[in-house]
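Below is one structure; the comments refer to it alone.
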Amino acid sequence: MYVTRVEKITTLAPAADGRFHVFAFDLVVTVEGPVDPEHGMVVNLSEMKETLRRDVVQRLAGRCLDGTNGTPELRTPEALARGIWGMLGGRLGQIPVRRVRLAGGRSVFDYRGGDTVDVTRVYEFSAAHRLHSPSLTDEENLRVFGKCNNPRGHGHNYILEVTVRGEPGETGELLEAATFDTIVATEIVDRWDHRNLNEDLAEFANLNPTAEEIARIAWRRVKDPLEGSAPGRVRLHRIRIRETDRNHVEYLGD
Ligand SMILES: [Zn+2]
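For any residue, its number in this note's numbering is found by taking its place in the sequence shown, counting from 1, and adding 348.
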């Protein structure tokens, strides 16, 4: 069973120009283990909290991670996530850590041991669509899609999450945020934002633009440019489309 604890972490990382980046993240640590038959827990949560605060949060809080004054040299969130895993020795007491996540702003960094890290960037776009399948009758379309079959369409504020996986490069980053954002803006957000997906976009001309199809098309549009930006090092791992705050779909490729 998995148990997750969230702490706040604020620290400074040295930038190339001699200044600093402020890193303010939710630190999300997940452990996995069996439920102890005596106390009914995987891990004592107050001990987990104590360990995380003593071994990680207090060691990093307000410090500059430039390798001096006993701090580790951690210049990127990718390195910080891996460094935190190392501070814990990959364990919380006897219980193995399964994931260290740093989440802040529009970025999420996940480290699960090994050489790779997952980086997720979060985007928004607003678009109209109509769910309608030409292979169904009008009555069947209405029954299957309900008000989403409304002939004049309706809109959503979509949340798009794009996750890449790989080994950080020489800069310590997996993929520079500006490169990531430019690719997703060019291929998806700038194309789809404030558009009618059915009527305005060639990629949906013969598709019913369900969240599932939107995720698949998004995958196809960003895969080559993202992976091509760091050939052999970065792979597209997941597309998540949140159509409402009550439903989302995830696509991990075929
Ligand atoms: Zn809809």
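Positions of the beta carbon are idealized from the N, C-alpha and C atoms, including for glycine.
None of these values were measured; they are calculated from a predicted model.
Check whether the Cβ of residue i sits closer than 8 Å to any heavy atom of ligand 1, and report yes or no.
i, result
"HIS477", "yes"
"HIS502", "yes"
"CYS412", "no"
"GLU472", "no"
"GLU547", "no"
"GLU561", "no"
"GLU515", "no"
"GLU380", "no"
"GLU591", "yes"
In this structure, does DSSP put residue i in helix, strand or coil?
i, result
"VAL532", "helix"
"THR464", "coil"
"SER455", "strand"
"GLY576", "helix"
"ASP602", "coil"
"ASP414", "strand"
"ALA526", "helix"
"ALA566", "helix"
"GLU591", "strand"
"GLY503", "strand"
"ARG367", "coil"
"ASN546", "helix"
"LEU450", "strand"
Any Cβ of chain C within less than 9 Å of the Cβ of residue i?
i, result
"HIS480", "As a matter of chain content, chain C is missing from the structure shown, which is built from one protein chain."
Who pairs with residue i in a beta bridge, going by DSSP?
i, result
"ALA584", "The sequence as given places Leu at residue 584; Ala does not occur at that position. DSSP lists VAL512 as partners of LEU584."
"GLU426", "Answer by DSSP bridge pairing: none, since GLU426 is not bridged."
"GLU421", "ASP414"
"THR359", "PHE371"
Entirely enclosed alpha helix (DSSP H) segments - the segment 470 to 500, minimum 4 residues: 486 to 493
Worksheet item: For the segment 375 to 406, which segments carrying the alpha helix (DSSP H) assignment without a break, of at least 4 residues, lie completely within its bounds, in sequence order?
Response: 393 to 400
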